[in-house]
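> Let me give you the structure first, and then I'll get to my questions.
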Amino acid sequence: MEGGHPAASKTEFTECWRTTWKTPYIMRLALSAGIGGLLFGYDTGVISGALLYIREDFDDVNKKTWLQETIVSMAVAGAIFGAAIGGWMNDALGRRKSILCADFVFFVGAIVMAFAPAPWVIIIGRILVGLGVGMASMTSPLYISEASPARIRGALVSTNGFLITGGQFLSYLINLAFTKAPGTWRWMLGVAGVPAVVQFVLMYTLPESPRWLYRKNKIGEARAILEKIYPENEVEDEMRALHESVEMEKAEEGDVGDGIIAKLKGAFSNPVVRRGLYAGITVQVAQQFVGINTVMYYSPTIIQFAGFASNQTALALSLITSGLNVVGTVISMCFVDRYGRRRLMIISMVGIITCLVVLSVVFFEAAAHAPRISNLESTHFGSNSTCPAYVSAHNPTSWNCMTCLKAECGFCANSASAYAPGACVASNDVLKKSCGGENRVWYTKGCPSKVGFFAVILLGLYIIIYAPGMGTVPWIVNSEIYPLRYRGTCGGIAAVSNWSANLIVSETFLTLTHALGSAGTFLLFAGFSLIGLVFIFFLVPETKGLQFEEIEKLLKKGYRPKLFASKNKKTEETKQTEETKQTKSVEL
Numbered sequence: 000m001e002g003g004h005p006a007a008s009k010t011e012f013t014e015c016w017r018t019t020w021k022t023p024y025i026m027r028l029a030l031s032a033g034i035g036g037l038l039f040g041y042d043t044g045v046i047s048g049a050l051l052y053i054r055e056d057f058d059d060v061n062k063k064t065w066l067q068e069t070i071v072s073m074a075v076a077g078a079i080f081g082a083a084i085g086g087w088m089n090d091a092l093g094r095r096k097s098i099l100c101a102d103f104v105f106f107v108g109a110i111v112m113a114f115a116p117a118p119w120v121i122i123i124g125r126i127l128v129g130l131g132v133g134m135a136s137m138t139s140p141l142y143i144s145e146a147s148p149a150r151i152r153g154a155l156v157s158t159n160g161f162l163i164t165g166g167q168f169l170s171y172l173i174n175l176a177f178t179k180a181p182g183t184w185r186w187m188l189g190v191a192g193v194p195a196v197v198q199f200v201l202m203y204t205l206p207e208s209p210r211w212l213y214r215k216n217k218i219g220e221a222r223a224i225l226e227k228i229y230p231e232n233e234v235e236d237e238m239r240a241l242h243e244s245v246e247m248e249k250a251e252e253g254d255v256g257d258g259i260i261a262k263l264k265g266a267f268s269n270p271v272v273r274r275g276l277y278a279g280i281t282v283q284v285a286q287q288f289v290g291i292n293t294v295m296y297y298s299p300t301i302i303q304f305a306g307f308a309s310n311q312t313a314l315a316l317s318l319i320t321s322g323l324n325v326v327g328t329v330i331s332m333c334f335v336d337r338y339g340r341r342r343l344m345i346i347s348m349v350g351i352i353t354c355l356v357v358l359s360v361v362f363f364e365a366a367a368h369a370p371r372i373s374n375l376e377s378t379h380f381g382s383n384s385t386c387p388a389y390v391s392a393h394n395p396t397s398w399n400c401m402t403c404l405k406a407e408c409g410f411c412a413n414s415a416s417a418y419a420p421g422a423c424v425a426s427n428d429v430l431k432k433s434c435g436g437e438n439r440v441w442y443t444k445g446c447p448s449k450v451g452f453f454a455v456i457l458l459g460l461y462i463i464i465y466a467p468g469m470g471t472v473p474w475i476v477n478s479e480i481y482p483l484r485y486r487g488t489c490g491g492i493a494a495v496s497n498w499s500a501n502l503i504v505s506e507t508f509l510t511l512t513h514a515l516g517s518a519g520t521f522l523l524f525a526g527f528s529l530i531g532l533v534f535i536f537f538l539v540p541e542t543k544g545l546q547f548e549e550i551e552k553l554l555k556k557g558y559r560p561k562l563f564a565s566k567n568k569k570t571e572e573t574k575q576t577e578e579t580k581q582t583k584s585v586e587l
């Protein structure tokens, strides 16, 4: 509390490295808890590859689209429930025990999936894994936040985001590694149990969050942990800050009580907590409605929309986008505590909106200039092979490749040039093989396009802009913006909001692309992102470098953007900030 911020010439990552080098115990806490992020990321990415082989093993799954969607979405549904009960568990049992429970449930789910004899057993396993992921998604960053010195808190919480993206990248590598192994998808899904066991062992040997211990009157244990985290001359200051925070919360409790319903009522009736929830829920919902999980769940499909028909090419390019996500998270770790949470999110949102609008234009141009349909080419494979909708169309001369695909037929490219008029034929395996047998390319998702590579570049740019801001910062904000008494409950509410938005976006993406086209869908996400940007600007304060107690005071006064704050209020805020801590103003 005495040292303030590091010099402006150094990034927070440098300060984090210096501090953890001197006190490696801090990094041990952060990395052990951060494995929860690895589980989160792995589960997000692994199902896209595993589902290909589940379809091969179970004919029902191959024939029923709703069964495939259920296998994918039940993990998200489980995560919503896991995040909801995780908030209660965090407050009642503590952060450490909640992580241990999450690991156990996740491990059981992974084993159930690996040995599943039928699709319904896989679904049960997916629900269990989702429960574990939901609990871990909110508990891990909370534990790291409360066990970190304020000056490097953002960088350490970013390790959780780094491990989420690292887990996604790892899942793609694991999928590729087991494509030739007996059991394929069973290994892909079962391997997830290994990091859960590792985290369980590590967390079993680590202490509880010092802030939670202090709240439960275990003051001696809290002090012992703080002595391992802070320099000797800062321990008393931190203990005093904890004491003031807890006493203030006890004074505010009144008749609220400790039950989950009572806490929910207390949270929404308390203006400080309510303002924190406005900010926390805003950033979590905005994180999903920028469309990120459409890219993570469906990136091979999106790349095929851009005109790359090969599955191998689509998977390889998807691996690159996942790698860029990791790079972006490292950037966040380097700069989140130097430039601030709010600023990174606003810059990220502006970049996301720009990428989505340009991506929409690219897909629109690709659709408008798709190769025409040739009647001669369409009858090349036999009169009965021509697309039925094309045959019965009133104006078939207006058809192009996109019209053909919207009619649920296949496009066989011209053998001379992929951009020349091609064939619109019925979509089946026989015609697909006949098309390939003549060294033609078969398209069912997207059309040949000279601008398709721009879409891939924009997807990469979208990821690299998303990851440092909207990728990691929402979790950092939610780990630090709530008062201690309500931190678990409010974190659970925000995490449920995140997973609910995730479910809505991931379950509607393919339907939207069918109804609006790729261009219209990405433009819609750009509109959602613009709304999110407005809400972030007006509702989310800067929390960079502030102690938890200072964040409470900031919310108690009420937050207004700098452009809308009165002169007297700004002067008063500046004065109070200087008296509390000699730093620059935290508002953008």
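Just so we're aligned, residue 0 is where the sequence shown starts under numbering that gives the first Met the number 0, counting upward by one.
For each residue, glycine too, the CB sits at the ideal point set by N, CA and C.
Just so you know, these numbers come straight off a predicted model, no measurement behind them.
At the level of alpha carbons, what is the spacing between residue 147 and residue 199?
Along the sequence shown, read from residue 1 onward, the residue named residue 147 stands at position 148. Along the sequence shown, read from residue 1 onward, the residue named residue 199 stands at position 200. If you take the alpha carbons of residue 147 and residue 199, they lie about 20 Å apart.
> Strictly by DSSP, which residues pair up with residue 399?
On the sequence shown, position 400 is the one that residue 399 refers to. In DSSP, residue 399 forms a bridge with 371.
> Enumerate, from N- to C-terminal direction, the unbroken alpha helix (DSSP H) stretches of 4 or more residues contained entirely within the region 64-148.
Segments of the alpha helix (DSSP H) lying fully in the region 64-148: 64-91, 94-113, 118-145.
> Under DSSP, the alpha helix (DSSP H) around residue 489 begins and ends at which residues?
Counting from 1 along the sequence shown, the entry for residue 489 is found at position 490. It spans 486-538 - the alpha helix (DSSP H) in which residue 489 sits, taken as one unbroken run.
> Mind checking which residues open and close the alpha helix (DSSP H) that includes residue 422?
Looking up residue 422 in the sequence shown gives position 423. Element bounds for residue 422: not the alpha helix (DSSP H) but the beta strand (DSSP E), 422-424.
> Could you compute how far the alpha carbon of residue 17 sits from the alpha carbon of residue 202?
On the sequence shown, residue 17 is found 18 positions in, with the first residue counted as 1. On the sequence shown, residue 202 is found 203 positions in, with the first residue counted as 1. Those two C-alpha atoms are separated by around 24 Å.
> Would you mind sorting residue 267 into buried or exposed? The rule is 16 or more other CB atoms within 10 Å of its CB.
The sequence position of residue 267 within the sequence shown is 268, counting from 1. Burial call: exposed.
> Starting from the Cα of residue 479, find the closest Cα among 386, 553, 418 and give me that residue.
Position 480 of the sequence shown holds residue 479. Looking at the Cα atoms, 553 is the closest of the given residues.
> By the three-class DSSP mapping on this structure, what secondary structure does residue 385 have?
For this step, residue 385 is matched to residue 386 along the sequence shown. Three-state DSSP puts residue 385 in a strand.
> Nearest to residue 491 by alpha carbon, out of 239, 141, 190?
On the sequence shown, residue 491 is found 492 positions in, with the first residue counted as 1. Nearest to residue 491 by C-alpha distance, out of 239, 141, 190, is 141.
> Alpha carbon to alpha carbon, how far is residue 101 from residue 94? Give it in angstroms, no decimals.
Taking the first residue of the sequence shown as position 1, residue 94 is located at position 95. Taking the first residue of the sequence shown as position 1, residue 101 is located at position 102. Straight-line Cα distance between these residues: approximately 11 Å.
> Please classify residue 254: does DSSP put it in a helix, a strand, or coil?
As a first step, residue 254 is located in the sequence shown; it is residue number 255 there, counting from the start. Summary for residue 254: the model assigns pLDDT 48, below 50, so the residue's position carries little reliability, and this model does not support an answer.
> I'd like to know whether the C-beta atoms of residue 127 and residue 111 end up nearer to each other than 8 Å.
Stepping through the sequence shown from its first residue, residue 127 is reached at position 128. Stepping through the sequence shown from its first residue, residue 111 is reached at position 112. For residue 127 and residue 111, yes; Cβs fall inside 8 Å.
> According to DSSP, what are the bridge partners of residue 442?
Taking the first residue of the sequence shown as position 1, residue 442 is located at position 443. Answer by DSSP bridge pairing, in chain order: 410.
> Kindly give me the distance between the Cβ atoms of residue 291 and residue 465, rounded to whole angstroms, as I take these residues to be in contact under 8 Å.
If you number the sequence shown from 1, residue 291 lands on position 292. If you number the sequence shown from 1, residue 465 lands on position 466. Right, their Cβ atoms sit about 6 Å apart.
> Mapping the DSSP letters down to three states, classify residue 274 as helix, strand or coil.
To locate residue 274, count along the sequence shown from 1; it is residue 275. Helix, per DSSP.
> Counting pairs of Cβ atoms below 8 Å between the region 279-293 and the region 503-511, do you hit three or more?
Output reads yes: the region 503-511 touches the region 279-293.
> Nearest-angstrom Cα distance between residue 277 and residue 428?
Here residue 277 corresponds to residue number 278 of the sequence shown, with the count starting at 1. Here residue 428 corresponds to residue number 429 of the sequence shown, with the count starting at 1. Going from the Cα of residue 277 to the Cα of residue 428 covers about 52 Å.
> Taking the straight line between their C-alpha atoms, what separation do you get for residue 354 and residue 383?
Taking the sequence shown and counting its residues from 1, one reaches residue 354 at position 355. Taking the sequence shown and counting its residues from 1, one reaches residue 383 at position 384. Answer to the nearest angstrom: the Cα atoms are 43 Å apart.
> Near residue 537, which residues of its chain fall below 7 Å by C-beta distance, leaving aside the five closest residues on each side in sequence?
Your numbering for residue 537 matches position 538 in the sequence shown. Closer than 7 Å at Cβ, skipping near neighbours: 560.
> Among residues of its own chain, excluding the 5 on either side of residue 399, which ones have a beta-carbon nearer than 7 Å to its beta-carbon?
Here the question's residue 399 lines up with position 400 in the sequence shown. Only 369, 370, 371, 372 meet the Cβ criterion.
> State whether the region 36-51 contacts the region 156-176, with contact taken as three or more CB pairs (one from each stretch) at a distance under 8 Å.
yes
> For residue 283, does the three-state DSSP call read helix, strand or coil?
Position 284 of the sequence shown holds residue 283. It is helical.
> Does the Cβ of residue 358 have 16 or more other Cβ atoms within 10 Å, making it buried, or fewer, making it exposed?
Working through the sequence shown from its first residue, we reach residue 358 at position 359. It is buried - the Cβ of residue 358 has at least 16 other Cβ atoms within 10 Å.
> Tell me, please, whether the region 387-404 touches the region 335-344 by the rule of three or more beta-carbon pairs shorter than 8 Å.
Contact fails between the region 387-404 and the region 335-344, because fewer than three Cβ pairs, one in each stretch, are under 8 Å apart.
> Hey, out of 508, 26, 328, 406, whose CA is closest to residue 205's CA?
For the purposes of this step, residue 205 is taken as the residue at position 206 of the sequence shown. Of the candidates 508, 26, 328, 406, the one whose C-alpha sits nearest the C-alpha of residue 205 is 26.
> Please report the Cβ distance between residue 500 and residue 288, rounded to the nearest whole angstrom; I am assuming they are in contact, meaning their Cβ atoms lie under 8 Å.
The residue given as residue 500 occupies position 501 in the sequence shown. The residue given as residue 288 occupies position 289 in the sequence shown. Yes, they are in contact, since the Cβ atoms of residue 500 and residue 288 sit about 6 Å apart, within 8 Å.
> On the DSSP letters alone, give me the boundaries of the alpha helix (DSSP H) that residue 187 sits inside.
Stepping through the sequence shown from its first residue, residue 187 is reached at position 188. It spans 184-189 - the alpha helix (DSSP H) in which residue 187 sits, taken as one unbroken run.
> Using a 10 Å radius around the Cβ and a threshold of 16 neighbouring Cβ atoms, would you call residue 270 buried or exposed?
On the sequence shown, position 271 is the one that residue 270 refers to. It is exposed - the Cβ of residue 270 has fewer than 16 other Cβ atoms within 10 Å.
> Got a sec? Which residues, its chain only, sit under 6 Å from residue 418 by beta carbon, not counting five neighbours each side?
Here residue 418 corresponds to residue number 419 of the sequence shown, with the count starting at 1. In chain order, 370, 447 place their CB closer than 6 Å to the CB of residue 418, counting only its own chain and leaving out the 5 sequence neighbours on each side.
> Quick check on DSSP: helix, strand or coil for residue 462?
Within the sequence shown, the letter at position 463 stands for residue 462. Looking at residue 462 - three-state DSSP - the assignment turns out to be helix.
> What residue range is occupied by the uninterrupted alpha helix (DSSP H) comprising residue 198?
Translated into the one-based positions of the sequence shown, residue 198 becomes position 199. In the DSSP annotation of this structure, the continuous segment of the alpha helix (DSSP H) that includes residue 198 starts and ends at 192-203.
> Do residue 474 and residue 89 have their CB atoms nearer than 8 Å?
Along the sequence shown, one-based indexing puts residue 474 at 475. Along the sequence shown, one-based indexing puts residue 89 at 90. By the CB criterion at 8 Å, residue 474 and residue 89 fall outside the cutoff.
> Between the region 231-239 and the region 452-461, do at least 3 Cβ pairs fall closer than 8 Å?
no
> With respect to the alpha helix (DSSP H) encompassing residue 41, which residues constitute its N-terminal and C-terminal limits?
By 1-based counting over the sequence shown, the position of residue 41 is 42. Run containing residue 41: 23-56, per the alpha helix (DSSP H) assignment.
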